[in-house]
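Just so you know, the sequences run in chain order A, B and C. With full-length UniProt numbering, letter number 264 in the first sequence gets 264, and the count goes up by one each step, no holes. With full-length UniProt numbering, letter number 18 in the second sequence gets 18, and the count goes up by one each step, no holes. With full-length UniProt numbering, letter number 29 in the third sequence gets 29, and the count goes up by one each step, no holes. This report refers to the structure that appears directly beneath it.
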Amino acid sequence: MYTSWFDRNLKWIYVLPAVIFVLVMMLFPILYTVRISFFEWSMSAITPPKWVGFDNYKTLLTQERFWKATGHTISFTLVAMVLEVILGVAIAMLLSRQFRGKNFVKTVFLLPMVATPVAMGLVWLLIYEPTIGAANMLLKSMGLKPLLWLASPNQALSSLIIVDVWQWTPMIALIVMAGLATIPSEPYEAADVDGAGRWRKFVSITLPLLKPTILVAAMLRLIDVLKTFDIIYATTQGGPNLSTETLNIYGYVLGFQYFKLGTASSLLVLFFGLVMGLTLFMIWMRKRMEGQYD
Amino acid sequence: MTKRKRTAALIFGLLTALVLLAFAFPFIWMLLASFKTQSQIMSEGQLLFFKPTTHNYTSVFKEYDFLKYIVNSLIIGLGSTLLALLLGLPAAYAIARHHMHKLSLVILVARIIPGITFLIPWFILFSKIHLVDTYTALILSHMLVGLPFIIWIMISFFEALPKEIEEAGLIDGCNHHQVFLRVIMPISGPGVITASLLSFIFSWNNFMFSIILAGDKTKPLPVAVFNFMSYSEINWGALMAAACIITLPVLIIALLAQRYVVSGLAAGAVKG
Amino acid sequence: MNKSRKRWFGGGLTLALAASLLAGCGGNSDNNSASGSNSPSAPAASGSAAAKPFEGKSINLVTANHPWAEAIKPLIPDFEAATGMKVNVESFFEDQLTQKLTVQFTAGSETPDVFMFRPLQEGKLFFKNGWLHPLDEYVNKDPNYDFADISKSAVGTATVDGKIAGIPIITEQEILYYRKDLLQAAGIEVPKTIDELVVAAKKLHDPSKGMYGFVARGQRSPLVTQVSSFLYGEGADFLKDDKATINTPEAVKAFTTYGTLLKDYGPPGVLNMSWPQAFGIFGQGKVAFLTDANSLYKNATDPAKSQVADKVGFAPFPAGSAGSKPYNITSWGLAVNAKSADKEAAWEFIKWATSKEIVLKTQEKGNPGARASVWDNPEGTTGFPPELVAVIKESVKGGVDHDRPTVINVGEARDAVGEIVQKIMTGEKNIQPVADKANEALQAIIDQDKNK
């Protein structure tokens, strides 16, 4: 038996449990992190957290390791995102026509992104292994010099970018393919009448129409690449010589290996700011480019 | 003209095959290596043709309690997905029907925030209330990953439902709650499946939350596999067997429910 | 979006599945198994002269997944029968162990009562955080226990601020592993000094044939413990009287030797190697020399893990300009939780587990212990290859009681030291500025300790 009060307020009754859950699980940790970032504490039972003001932030902002980690995070994110978008659009165009086995191809495409990242990290460790790995076998069979891949500070970050590109280009491709399906055929018919070539049609019709889709896809990737953790932790844990240490990994090391909860928290606050900032920037870009409000 | 077409088709076919191979290769490599002995992995002469052994698989189950980890992963994955559905479906419905888009933004923020931001507070909180190494802590944390996805996907699903369906229900004398339970839910199968599959996969794959919040009793597969690497000598065959075991279920889900998973991944994006 | 709308409604066959999923919503119960099952905190009836003074009591023991734990578990029923105490054992992998203990202690848990810990890695942190109960008052209570029999340097490792934080159970020293067959074929003597080692490694290094001269840990943090013996051999150390000393000429020389050995004569990818990978490639027969802890010897001599099992030789750590000074440390100890409800019972267990009789038994299973009398007992060395026993006895003599900077924040300090070696391995020529900077970082870590 439902009272009319219940019916009137149903939307709140429906929404509140989820919202409360998210707020409790999310808001509490964020506020706690912000608070702890002004303290120095190693979980000691004897020494309580000590108020240090902005010292943790000062320590980080004047520290080479922090800026290197920031640099790794940004370059990893931007390079991976740009490569994934370009390759993803290219692959979507390649597969846009109808052919036998298209569903099979789509299924294979799903595999990298649904497969457990930690397990895939291990597989890539084997592939990149300098003496027995497939990557060097391939290079050697093409008559090229073998590389050290993850074992070299100069190549490790690029090697990890390749893994991310392998894992997530399919997502961009699938999203773009879905977007392609929504493009009306009239503009192409008109272009055919004008005698436009394939490339011309792609640049002046497909790309502009796909722009919103591509932007959203790129934004999703941006958010997620910034947060990449599993693949890096399972393969290099930030090494060799910190060459793959991103903010995510450094935050983890500070918190759970050094037990410097204050410094770790201030890093996380800064990292959070970076993610939010970049996300808002992308949203702003999108709105500006679309010139409208959704 | 036909010749040109045929060459084009050939190039297209080759390119497709190449792309396919590039993305499938790590899986093929993993599968092959999981049936090789250590010395077969080491020797370049036995790339594709070798005498397969199932020793890696038996040793993974015998030496490490993999069955236990599989059960842990299942409990956590199913638990977090079901609870997230319980919270997420009504919320998504209300948001979709009453255009509460500000609220959906709150949910979206959960998707944007780096998970590691939660880890330290959770670790301290769950330690203090003795919840570390319990399914409760793991399910709660994994829900925070699954719930936003479920809500996000289901909002677009419910918005696509024609309003007439509900109006018909209301005329039949149902109240709004009954309409949701008896009219809307039964036709929401495809959306719910998509949402729950993704939520389950995210939980199954989650490593970051589990590595901190799980203990010996509740350790799920990703953490177990990772430990497996750190503490034995690098036994590639067994590692790859473990990797196969852990990826197999998600791969099967992806194969059987390909269109759901694709539509789920694409829905959030294309809709924006 | 029409197309996708159609798709949404496409799957009618899935309704049943969906319904069953939903039906599951309400009745979902998460298996909540709370972890902190408390031990009974009944008042201790200590001092009673009964034959089984601990009848009806129980303690919780947490161990690492370590051969020592495997050796002690079958012996526990004897202890239980003798004392009437019940011992509940739980085992964890190394990293999980630290984390598990941290969680328990942070929560102020009374369990575990007794646990395995790594004195040099987490001993100081645990002690300073007030998580360990000092054992000074117990060790000399029972003369039969013969505390003086336990190696001084091993006890030194497990001592924090002059207090005994735990009792050593596993000791280890750094030694040189080499390939007998290769040295013999090339007519090379087993290197006695670092200089000889460098020459020999160079001679046997032949990458075109897949043969490498030398391997050791190259990963930033893991390498620190293994470079320590090189450091001591040159008369250097990580710190001295609260001053960081990793930029002294002696220290830089030691780091350069280690880094250059790995850079010039190491296998590819050594920068990412910790001991499993180093022993792995040594076991594949691709490397002539390896330096690491003796406690890991089975990875080289177990035919299941090593293709050169019967060709491995052991030698004392080669001497630097200040002699052969390998670390000789307690890698694992047993300690008592400061919050344990029954510390007498906890000590009773440790006393038993580290008694002469039990150490003999665990050592027979290949766990190098800390008791001099057991090492002097011929039965005490049956668990090791005879050649290794001689090397161990030799190594213990000049050993240093730490293998890493003895600070609270070991993890951070190791990373600071490791950077110097990794820079050398990646070809950095001008190493003094790198060492100076690392020294500054280490000094900052030492200074932090003083405020605690």
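Quick reminder that beta carbons are idealized off the backbone N, C-alpha and C, glycines included.
Just grab the DSSP bridge partners of residue 290 of chain C for me. Looking at the DSSP assignment, residue 290 of chain C forms a beta bridge with C/177 and C/215.
May I ask you to list, following chain order, the residues of the segment 156–186 of chain C that have a beta carbon less than 7 Å from some beta carbon of chain B? Among the residues of the segment 156–186 of chain C, none has a Cβ less than 7 Å away from any Cβ of chain B.
Just reading off the beta strand (DSSP E) that residue 347 of chain C is part of, what are its end residues? Counting along the chain, residue 347 of chain C falls outside any beta strand (DSSP E), though it belongs to the alpha helix (DSSP H) covering 343–353.
Are any of the Cβ atoms in chain C nearer than 8 Å to that of residue 127 of chain B? Yes - at least one Cβ of chain C is within 8 Å of the one on residue 127 of chain B.
Would a check of beta-carbon distances place residue 233 of chain C closer than 8 Å to chain A? No, because no Cβ of chain A sits closer than 8 Å to the Cβ of residue 233 of chain C.
Compute the distance between the beta-carbons of residue 114 of chain A and residue 250 of chain B, then report whether it is under 8 Å. Their beta carbons are under 8 Å apart, which means residue 114 of chain A touches residue 250 of chain B by this criterion.
Locate the alpha helix (DSSP H) running through residue 109 of chain B, then write down its first and last residues. Residues 101–112.
Starting from the N-terminal side, write out each stretch of the alpha helix (DSSP H) that is 4 residues or longer and does not extend beyond the segment 201–225 of chain B. As far as the segment 201–225 of chain B is concerned, its whole alpha helix (DSSP H) runs of at least 4 residues are 208–213.
For chain B, is any of its Cβ atoms less than 8 Å away from the one on residue 117 of chain A? Contacts with chain B at 8 Å (Cβ-Cβ) include residue 117 of chain A.
By DSSP, does residue 114 of chain C sit in helix, in strand, or in coil? Secondary structure of residue 114 of chain C (DSSP, three-state): strand.
From A/106, A/231, A/187 and A/219, pick the residue whose C-alpha is nearest to that of residue 173 of chain A; which is it? The shortest C-alpha separation from residue 173 of chain A is found at A/106.
The segment 215–224 of chain A touching the segment 361–379 of chain C, judged by at least three CB pairs closer than 8 Å: By the Cβ test, the segment 215–224 of chain A is not in contact with the segment 361–379 of chain C, since fewer than three Cβ pairs between them sit closer than 8 Å.
Verify the CB distance criterion: does residue 148 of chain A have a CB-CB separation below 8 Å to chain C? So, interface residue.
Residue 362 of chain C to residue 398 of chain C span [Cα, whole Å]: Straight-line spacing of the CA atoms in residue 362 of chain C and residue 398 of chain C works out to 25 Å.
Return helix, strand or coil for residue 165 of chain B, following the three-state DSSP convention. Residue 165 of chain B: helix per DSSP, three-state reduction.
Should residue 110 of chain B be listed as close to the ligand FMN, given that the test is whether its C-beta is under 7 Å from any heavy atom? The ligand FMN is not part of the structure shown, which contains no ligands of any sort.
Could you spell out where the alpha helix (DSSP H) holding residue 433 of chain C opens and where it closes? Counting along the chain, residue 433 of chain C sits inside the alpha helix (DSSP H) bounded by residues 431–450.
Could you give the residue range of the alpha helix (DSSP H) that holds residue 198 of chain C? It spans 194–204 - the alpha helix (DSSP H) in which residue 198 of chain C sits, taken as one unbroken run.
Where in the segment 121–198 of chain A do unbroken runs of the alpha helix (DSSP H), each at least 4 residues long, occur, reported from the N-terminal end onward? As far as the segment 121–198 of chain A is concerned, its whole alpha helix (DSSP H) runs of at least 4 residues are 134–141, 156–181 and 186–194.
One question on the structure: do residue 127 of chain A and residue 119 of chain A come within less than 8 Å of each other, judged by their Cβ atoms? Against a cut-off of 8 Å, the Cβ pair of residue 119 of chain A and residue 127 of chain A comes out as no contact.
Could you name the residues that DSSP lists as bridge partners for residue 63 of chain C? The secondary-structure analysis by DSSP pairs residue 63 of chain C across a beta bridge with C/91.
Do we get a CB-CB distance below 8 Å when we pair residue 227 of chain B with the residues of chain C? At least one CB of chain C lies nearer than 8 Å to the CB of residue 227 of chain B.
Beta carbon of residue 328 of chain C nearer than 8 Å to that of residue 173 of chain C: Cβ distance < 8 Å, so residue 328 of chain C and residue 173 of chain C count as in contact.
Residue 450 of chain C CB to nearest chain B CB: under 8 Å? Output row for residue 450 of chain C: interface = no.
What residue does the alpha helix (DSSP H) around residue 328 of chain C start on, and which one ends it? No alpha helix (DSSP H) holds residue 328 of chain C; the beta strand (DSSP E) holding it covers 328–336.
Would you say residue 344 of chain A faces chain C, with C-beta separation under 8 Å as the test? Since the first and last residues shown for chain A are 1 and 294, residue 344 of chain A lies out of range.
Taking residue 434 of chain C and residue 420 of chain C to be in contact with their CB atoms under 8 Å, please state how far apart those CB atoms are, rounded to whole angstroms. Right, the Cβ-Cβ distance comes to about 6 Å (below 8 Å), so this counts as a contact.
Quick one: is residue 9 of chain A near chain B, going by C-beta distance under 8 Å? Residue 9 of chain A does not count as touching chain B.
Are the CB atoms of residue 150 of chain B and residue 95 of chain B within a distance shorter than 8 Å? Not in contact: residue 95 of chain B and residue 150 of chain B (Cβ atoms no closer than 8 Å).
Once the 5 residues before and after residue 446 of chain C are set aside, which same chain residues still bring their CB inside 7 Å of it? 239, 242, 244 and 407.
Alpha helix (DSSP H) containing residue 313 of chain C: first to last residue? Element bounds for residue 313 of chain C: not the alpha helix (DSSP H) but the beta strand (DSSP E), 312–316.
Beta-carbon separation of residue 36 of chain B and residue 23 of chain B under 8 Å? Using a Cβ distance threshold of 8 Å, residue 36 of chain B and residue 23 of chain B do not count as a contacting pair.
If we ignore side chains and look at the alpha-carbon of each, how far apart do residue 63 of chain A and residue 236 of chain A end up? Looking at the two C-alpha atoms, the distance is approximately 22 Å.
Let's test the definition: count the other Cβ atoms within 10 Å of the Cβ of residue 4 of chain B and tell me whether it reaches 16, buried, or not, exposed. In summary, residue 4 of chain B is exposed, with fewer than 16 beta-carbon neighbours lying within 10 Å of its beta-carbon over all protein chains present.
How many angstroms separate the CA atom of residue 333 of chain C from the CA atom of residue 117 of chain C? Here the alpha carbon of residue 333 of chain C sits roughly 5 Å from the alpha carbon of residue 117 of chain C.
I want to verify the contact list: residues of chain B whose CB lies under 7 Å from the CB of residue 18 of chain A, in sequence order. Within chain B, the residues near residue 18 of chain A are 87, 88, 91, 147 and 151.
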